[in-house]
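Undergrad: Read left to right, the sequence shown gives residues 0 to 312 (numbering that gives the first Met the number 0).
The structure that follows is given in the form of structure tokens.
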Amino acid sequence: MGHLPLAPQGRPRKMHLRRMMLPMDLSDVVMESDYDSTTSLGRKRKRERGRPPTTGEYIGLLQVKQRLREEEDLEEQRRQEKDILNPAVPLAGGLQAKATDLTARFMEELRYDPAASLAAVALEEMQRVLKVASTSKGLKGTFIKTLKESACKTSACLTNLMTRVDTAIMDSPAAETEVLRRKLEAAEKEIALLRDDIATLKNKTAKTGSPKNDSPKGQGQNKTKNLENARRHVEPEEVPAAYRPVLRGRRKMLSPPRLQYRSEEEEDPLLSRLDHLFERWCERKWGRGGIPPPTRLSPKSQQVDKSKKIKGE
């Protein structure tokens, strides 16, 4: 069997004749066999054959499928947002590698910068992040809020770190040594000024002259004053008396009572009675013209006799 002649559009002759026999209002609907359908998000679906549903229950089915696809897309967006906001979720492989390379490059550039300079650079970068988050129109509200909060928190942390570093520097031994050195320099300057003042006063005194006291009486008074001043500086301080607690209870009751005298010159009556008896015994023994009875000296008179003996020696 031979091949059918082709129609002008490139279709077989039999199909062309069938198309000619159909009415004009239905031919456009029936012969739309191939079409590409897309979703609301622009995803290209697979190529289908047949005419699209336009009547009956197929219209409702198409709407249900579209709503289902929209819900799936929204769920995917929510999941992506959660992954972005969660710091525990790492970046994708390619993005993580790029971020690591960029971090290594910046670390190499900023390796020898001081701590204060590093903190200042970090604060500047946080300001850039805040600016982008506030002026960008392509970001969602959730992302903008997250960027602002992260930038502000990082700035606060860096500020606290800078304050602690300054405090640690001030509290370090080197800083303390510097403060002491400054105080020593100030004290040396004051001492130099005082020396200059003393030298000036000495020069004035030498020029005017001081009155001299050549009398022997005045010289003796000066010597006594000097001796008194020297004694004041040399004499040791008096040692306080030892603290003796007062006895209480049975021990106080059993201990003999202490003899209390009204004055140092007043003697014990018992001792005076013994002296009187001793004198009478001496009179009976040797008589009135014999050896004179010895007299008992009071403590005060004994001290006077001892001092006389020391002076005589």
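A virtual CB, placed ideally from N, CA and C, is assigned to each residue, including glycine.
No experiment lies behind these values; they were computed from the predicted model shown.
(1) If I follow the unbroken alpha helix (DSSP H) through Arg272, where does it start and stop?
(2) According to the neighbour-count rule (16 or more other Cβ atoms, all chains shown, within 10 Å of its Cβ), is Ala205 buried or exposed?
(3) Buried or exposed: Ala185, going by 16 or more other Cβ atoms within 10 Å of its Cβ?
(4) Here's the rule I'm using: 16 or more other beta-carbon atoms within 10 Å means buried, otherwise exposed. How should Ala114 be labelled?
(5) Could you check what DSSP says for Asn159 in three-state terms: helix, strand or coil?
(6) Expressed to the nearest angstrom, what Euclidean distance is found between the alpha-carbon atoms of Arg66 and Leu73?
(7) In the structure shown, what three-state DSSP assignment does Leu120 receive?
(8) Does the beta-carbon distance from Leu183 to Thr145 come in below 8 Å?
(9) Let me confirm a value: Met106 is counted as buried when at least 16 other C-beta atoms fall within 10 Å, else exposed. Which label applies?
(10) Would you kindly work out how many angstroms separate the C-alpha atoms of Cys151 and Val128, rounded to a whole number?
(11) With DSSP collapsed to three states, give me the class of Leu138.
(12) Please report how far the alpha carbon of Ser32 lies from the alpha carbon of Arg50, in whole angstroms.
(13) Classify Ala118: buried if its beta carbon has 16 or more other beta carbons within 10 angstroms, exposed otherwise.
(14) Quick one: Cα of Ala344 to Cα of Cys156, how far?
(15) Where Thr162 and Ser154 are concerned, what is the direct C-alpha to C-alpha distance, given to the nearest angstrom?
(16) Expressed to the nearest angstrom, what Euclidean distance is found between the alpha-carbon atoms of Ser116 and Thr158?
(17) Report all residues from its chain with a CB closer than 8 Å to the CB of Lys139; omit the five preceding and five following residues, and keep chain order.
(18) Put Val88 into one of helix, strand or coil per three-state DSSP.
(19) What three-state label does DSSP hand Asp112 in the structure shown?
(20) Would you report the Cα separation of Lys97 and Pro89, rounded to the nearest angstrom?
(21) To which residues of the same chain is Val131 closer than 8 Å at the C-beta, ignoring the five residues directly before and after it?
(22) Relative to the C-alpha of Thr141, which candidate in Asp100, Val164, Asp82 has its C-alpha closest?
TA: A quick look at the data gives this:
(1) 268-285
(2) exposed
(3) exposed
(4) exposed
(5) helix
(6) A straight-line Cα-Cα distance of about 11 Å links Arg66 and Leu73.
(7) The displayed chain sequence assigns Val, not Leu, to residue 120. Val120: helix per DSSP, three-state reduction.
(8) no
(9) exposed
(10) The straight-line gap from Cα to Cα measures roughly 10 Å.
(11) coil
(12) Low confidence applies to Ser32: its pLDDT is 39, below 50, so where it sits in the model is not reliable enough to give any reading.
(13) buried
(14) No information on residue 344 is available, as it lies outside the stretch 0 to 312 that the chain covers here.
(15) 12 Å
(16) Approximately 12 Å, taken between the alpha carbons.
(17) So the qualifying residues of the chain are Glu80.
(18) coil
(19) coil
(20) 13 Å
(21) Leu146
(22) Asp82
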